[in-house]
Amino acid sequence: MIPLLLILIPLLSGLAVFLLKDSPSTKSLALVSSLATLVLSLMAVFTKGALTYDAAWLPGLGSRFSLLQDGMSKMLSLLTAISFPVVFAATYKNVYQRSSAFYGLMLLTQAGLLGVFLASDALLFYFFWELALIPVYFLCSIWGGEKRIAVTFKFFVYTFIGSLLMLVGLLYVYAQTADHSFAMQSFYHANLPGHAQGAVFALFFIAFAIKMPIFPFHTWQPDAYEQSPTAVTMILSGVMVKMGIFAVIRWLLPMVPQAVHGHSMFVVILSVTGMIYASLIAIRQDDIKRLIAYSSIAHIGLMCAAIFVQNQIGLEGVMIQMFNHGINVIGLWIVADVIEQQLGTRKYSELGGLALKAPVLAILFVIMALANVALPLTNAFVGEFLMFNGLFQFNGWVAAIAGISIILAAVYTLNMIQKIFYGNMVEKTLVAVEVSGNVQWVLSILVIVVLVMGVYPQPMIELTKDTVSAIFANR
Amino acid sequence: MNAIIVSALLGVVMMFSGILLKNKSSLKYIAIGGLLVLLIANLFQTYGVYTIVVNSHDLLRFQKFGLFFNSIAITATMIYVILSGKDIENVGNYPAEYFALIFFVLCGVSILCGFNSLLMLFLGIEILSIPLYILTGADKRNLKSNEASLKYFLMGAFTAGIMLMGIALIYGATGSFGITSPVFINTPTPGSAPKASFLEIAGVLLLFVAMCFKVSAAPFHFWTPDVYDGAPSVFTSFMATVVKAAGFFAFIRLMEGQSAILGPTWKILLSFVIIATLLIGNITAVFQQSVKRMLAYSSIAQAGFMLFALYSFNDVAKEGILLYASAYSLATIGIFAVLIKLKDYTLDGFNGLAKTEPVLALTATICLLSLSGIPLTAGFFAKYYMLASVVKTGSGLWLVIVAVLFAAVSVYYYFRVIQAMYFREGVSETTEITSGFKTGLIFVAALIVLIGVLPSLLLNYFYF
């Protein structure tokens with residue numbers, strides 16, 4: 014029952030908020046709804062074993078409304094459930110025109126995301142995959158920055174082409190299943206012949222690679238992150254990119270194991286290329302949002318590479334890092350939003366000495382930024398350590414090249430901190446004040462998560478262990 | 069049989085009600101009542117409650133598939149009249165005749181749903197087309213409407229000639245008009261490859277060309293944009309939906325047996341037509357500034373998808389064409405109903421519609437999402453079934469991928485309208501909009517979403 018409620022609560026409250034008249038209460042209603050989802054997802058985390066829900070949906074097509082919440086799904090639904098209240102609370106002061114539509118669409122996005130993470134029926138999965146996209150399209154196009162329409166449309170077309178190719182792949186595998194069903198287990202046991210595996214792999218992987226995004230499908234991402242309203246950017250980079258990674262682990266790995274094995278080197282090289290490429294571009298950025306966007310591409314690239322090295326330690330690292338990357342990147346976006354709202358600029362060449370004016374913000378931001386560099390004692394260190402370990406077992410040279418990105422990450426992150434918070438105070442920074450209480454609270458909570466997960470990551474490893482071992486048991 | 073007789077009678081009733089009634093606005097309600105009677109008559113036959121018995125000497129043969137399709141066509145017409153009835157009255161001075169002609173078109177549709185002989189096919193197509201030539205020219209003081217009507221008539225007459233030539237050749241070769249007669253299929257022994265004479269092949273090809281013209285498949289689509297653009301918008305809506313779907317139904321029924329004559333050439337020929345249709349429809353639609361003209365090209369593009377049913381000819385395809393016809397008709401009727409209310413048919417005319425008329429914008433958006441095949445709308449399952457039917461045949465995966473890429477192109481021009489409505493500044497001017505109209509639109513949008521979530525609701529009736 015919990016998996017169903019996890020989808021229904023945001024879906025129904027989203028529709029309700031969407032139809033309400035604009036008023037301050039929509040904001041609170043959205044926050045309450047997202048908190049209810051958080052409580053439910055925590056309940057799921059503390060329940061032992063996988064949770065399921067199953068109901069008839071399309072009998073003629075062999076598709077059922079079936080949900081499965083195993084370790085990985087629990088972890089990702091927890092991430093989704095944490096992100097939304099955090100985002101709502103951190104941007105509580107932002108005023109949106111037609112706020113009911115804004116919060117309604119946000120909650121619908123949450124429903125779509127949770128559906129993607131919970132669906133264990135391929136057609137249902139595809140439905141939620143699209144349901145998560147449509148509201149985001151409207152959110153970015155209505156409330157985004159200056160170039161929003163063109164940028165968002167590019168984002169939409171990219172992902173839509175990917176989705177359609179995935180649909181063809183779904184149809185093909187469906188035709189090959191023994192019992193003509195979209196159920197996850199039927200897909201796992203479709204036993205596709207070798208050449209067909211290659212084609213299916215390509216159809217699915219393009220869809221997932223666009224969503225992650227993996228080099229060379231990443232070009233929509235920096236523009237989209239920059240132009241979207243910050244609340245949406247947080248969701249896009251914190252949670253939505255995990256859809257691609259999740260889908261690879263959930264669907265691609267067990268469905269076409271031979272093709273995954275055959276293409277592993279190719280994908281790992283693509284991912285590592287993307288990591289280095291994105292890190293180099295990040296160094297040259299002068300805009301906080303674009304820097305975070307490019308650094309995000311680098312981190313996602315590492316996760317993708319660690320999946321395709323196909324060893325247990327790498328996959329464990331991916332599981333932890335999916336959660337931690339979400340927490341860290343949302344923290345970074347919150348600070349970026351605070352700076353932009355207060356000072357009206359995101360260029361760090363126009364900033365300096367902010368630490369004197371806002372010391373609390375500076376401390377919290379530095380911790381988040383160090384987590385982004387994966388310093389020991391922060392959460393990202395554990396994940397990256399495991400992933401690099403997996404990468405090293407796969408191929409030492411690849412691991413060595415990928416390792417350069419750690420150094421590059423330190424370069425661009427520290428450079429940004431230095432330019433924004435330290436150095437000489439410039440004219441723009443003079444008007445800065447300390448951040449408001451609710452942002453301090455939200456950031457403090459995130460920092461606590463960062464530190465706790467950095468010191469004691471074992472619960473997260475335990476939580477996702479069943480998914481990891483199931484994947485390696487099938488081989 | 070019921071629907072043929074009742075629709076013809078209702079057409080006559082509508083004509084006379086124009087003379088007897090002074091009040092113009094009551095015509096719409098008579099028409100809606102008539103359509104309801106027609107629907108019930110057709111359902112009576114579908115479920116074997118009561119059927120008017122006429123010995124047609126096997127020229128007509130009614131099956132559940134055809135009757136069910138007919139019900140969809142009648143229901144779509146009913147929704148169309150409910151939404152746009154007022155606009156039909158306002159086209160010209162003879163509203164009663166317009167409604168009468170619509171009933172005659174439905175008579176043609178009913179024949180096409182049950183024809184078993186090439187003669188009946190020809191009759192059905194002509195009964196369907198002639199009222200349309202008149203409706204296209206209904207706005208008789210408008211030069212464009214006249215031009216469209218003449219163009220449509222000349223091209224239609226020419227196609228009728230081609231079709232008759234094809235029928236004559238087939239009759240010459242086989243000595244039969246029946247589409248399911250064993251002579252026609254011409255299989256020497258069951259299971260072996262069919263053998264056909266040159267005359268027969270030529271005849272089937274001519275029929276194929278004529279039907280391609282009727283459903284505006286490329287390269288026989290040239291009349292479509294001009295006619296759709298020139299005709300009064302209300303009638304374009306009708307032509308692009310009910311009439312086109314009926315054409316497709318006849319096409320499938322005709323070719324299901326006949327395509328065997330062409331052997332493997334059939335799929336090659338059809339692949340060419342499908343790709344040409346998708347290419348021309350989608351690419352040309354991208355460059356249109358007028359939304360009405362864009363919808364004309366989009367109807368060509370959608371025809372490309374419907375042609376998949378002819379490629380696969382399996383159960384999935386049959387269910388698919390029912391779903392496609394419903395989904396496409398609903399969405400197109402909805403979007404046209406909104407378009408008619410606007411004063412400016414260009415994309416700029418849609419600017420800022422979300423602010424001035426939020427209900428219209430939202431329902432139009434759902435219709436456009438359905439046309440582009442986004443999940444949670446009926447259009448998704450329509451496309452899904454078409455693609456699935458081809459995948460099921462085991463060949464033609466490349467064709468599916470091509471189609472899917474064109475579906476992505478279609479998103480571009482459908483979303484431009486959404487962008488105009490929601491994201492661009494402007495004051496979109498509309499004619500007066502009643503709350504009844506809004507309710508109707510919301511109903512259509514809800515139906516689209518309902519079929520999009522549970523397509524089995526619609527298809528279950530098929531298996532009753």
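Protein chains in written order, with our numbering: chain A, 14 to 488; chain B, 69 to 532.
Beta carbons are placed, not taken as given, at the ideal position from N, Cα and C, and that holds for glycine.
Whole-angstrom distance between residue j and residue i, CA atom to CA atom
i	j	result
Asn-382 of chain B	Thr-445 of chain B	24 Å
Val-472 of chain B	Val-108 of chain A	40 Å
Tyr-201 of chain A	Arg-263 of chain A	10 Å
Asn-214 of chain B	Gly-86 of chain B	24 Å
Val-406 of chain B	Pro-426 of chain B	12 Å
Leu-216 of chain A	Ile-510 of chain B	37 Å
Ala-99 of chain B	Leu-107 of chain B	12 Å
Leu-398 of chain B	Leu-515 of chain B	8 Å
Phe-183 of chain B	Ser-124 of chain B	10 Å
Lys-87 of chain A	Ala-57 of chain A	7 Å
Leu-388 of chain A	Leu-369 of chain A	25 Å
Pro-235 of chain A	Lys-132 of chain B	55 Å
Leu-427 of chain A	Thr-352 of chain B	51 Å
Phe-398 of chain A	Ala-295 of chain A	22 Å
Val-468 of chain A	Gly-73 of chain A	51 Å
Gly-62 of chain A	Leu-174 of chain B	59 Å
Neighbour flag for residue i against chain A, beta carbons, 7 Å
i	result
Ile-469 of chain B	yes
Val-477 of chain B	no
Lys-219 of chain B	no
Val-459 of chain B	yes
Closer than 9 Å at the beta carbon, the chain B residues around residue i
i	result
Ile-162 of chain A	Gln-487, Phe-491 and Arg-492
Ile-147 of chain A	Leu-437, Ile-442, Pro-443 and Leu-444
From the options, residue whose alpha carbon lies closest to that of residue i
i	options	result
Ile-247 of chain B	B:Gly-271, B:Gly-229 and B:Ala-228	B:Gly-271
Leu-95 of chain B	B:Ser-152, B:Leu-337, B:Val-121 and B:Phe-137	B:Ser-152
Leu-364 of chain A	A:Thr-426, A:Ile-433, A:Met-381 and A:Phe-405	A:Ile-433
Ile-179 of chain B	B:Leu-430, B:Ala-141, B:Tyr-148 and B:Arg-209	B:Ala-141
Pro-267 of chain A	A:Gln-406, A:Trp-454, A:Ser-308 and A:Phe-321	A:Phe-321
Ser-438 of chain B	B:Leu-410, B:Gly-464, B:Ala-475 and B:Lys-411	B:Ala-475
Leu-178 of chain A	A:Leu-24, A:Phe-78, A:Glu-143 and A:Met-247	A:Glu-143
Ser-11 of chain A	A:Leu-315, A:Tyr-116 and A:Lys-61	Chain A is shown from 14 up to 488; residue 11 of chain A falls before or after that span and cannot be answered.
Ser-496 of chain B	B:Gly-224, B:Leu-103 and B:Lys-409	B:Lys-409
Gln-110 of chain A	A:Ile-301, A:Gln-123 and A:Asp-35	A:Asp-35
Ile-343 of chain A	A:Met-85, A:Met-429 and A:Ala-102	A:Ala-102
Gln-400 of chain B	B:Cys-435, B:Ala-429, B:Glu-387 and B:Tyr-392	It is Thr, not Gln, that sits at residue 400 of chain B in the sequence shown. Nearest of B:Cys-435, B:Ala-429, B:Glu-387 and B:Tyr-392 to Thr-400 of chain B, Cα basis: B:Cys-435.
is_contact[residue i, chain B] using C-beta, thresh 7 Å
i	result
Glu-143 of chain A	yes
Phe-140 of chain A	yes
Closer than 9 Å at the beta carbon, the chain A residues around residue i
i	result
Ala-456 of chain B	Leu-74, Leu-184, Tyr-187 and Ala-188
Pro-523 of chain B	Leu-71, Gly-73 and Leu-74
Phe-56 of chain B	With chain B covering 69 to 532 only, the question about residue 56 of chain B has no answer from this structure.
Val-472 of chain B	Ile-174, Leu-177, Leu-178, Leu-180 and Val-181
Leu-527 of chain B	Gly-73
Beta-carbon neighbours of residue i, restricted to chain B and to distances below 8 Å
i	result
Val-170 of chain A	Ala-476, Val-479 and Tyr-480
Ile-155 of chain A	Tyr-490 and Phe-491
Ile-223 of chain A	Going along chain B, no residue has its Cβ under 8 Å from Ile-223 of chain A, so there is no contact; the nearest lies around 12 Å.
Chain E residues whose Cβ lies nearer than 9 Å to that of residue i
i	result
Leu-518 of chain B	Chain labels in this structure do not include chain E; the protein chains are A and B.
7 Å Cβ cut-off: residues of chain A touching residue i
i	result
Leu-509 of chain B	Residues of chain A passing the Cβ test: none, with the nearest at roughly 16 Å.
Leu-45 of chain B	Since the first residue of chain B shown is 69 and the last is 532, residue 45 of chain B is not available in this structure.
Residues from the stretch 174-193 of chain A in contact with chain B, defined by Cβ distance under 9 Å: Those residues of the stretch 174-193 of chain A that come within reach of chain B (Cβ to Cβ, closer than 9 Å) are Ile-174, Ser-176, Leu-177, Leu-178, Leu-180, Val-181, Leu-184, Tyr-185, Tyr-187 and Ala-188.
field: Residues of the stretch 339-360 of chain B with Cβ closer than 9 Å to any Cβ of chain A, in chain order
entry: Listed in chain order, the positions of the stretch 339-360 of chain B with a beta carbon within less than 9 Å of a beta carbon of chain A would be empty, since no residue qualifies.
Selection of the stretch 23-40 of chain A by Cβ proximity to chain B, strictly under 9 Å: So nothing in the stretch comes that close.
query: the stretch 282-312 of chain B: which residues have C-beta closer than 9 Å to a C-beta of chain A, in chain order?
result: The residues in question: there are none.
task: Give, in chain order, every residue of the stretch 155-187 of chain B whose Cβ lies closer than 8 Å to some Cβ of chain A.
output: If the cut-off is 8 Å between Cβ atoms, the stretch 155-187 of chain B has nothing near chain A.
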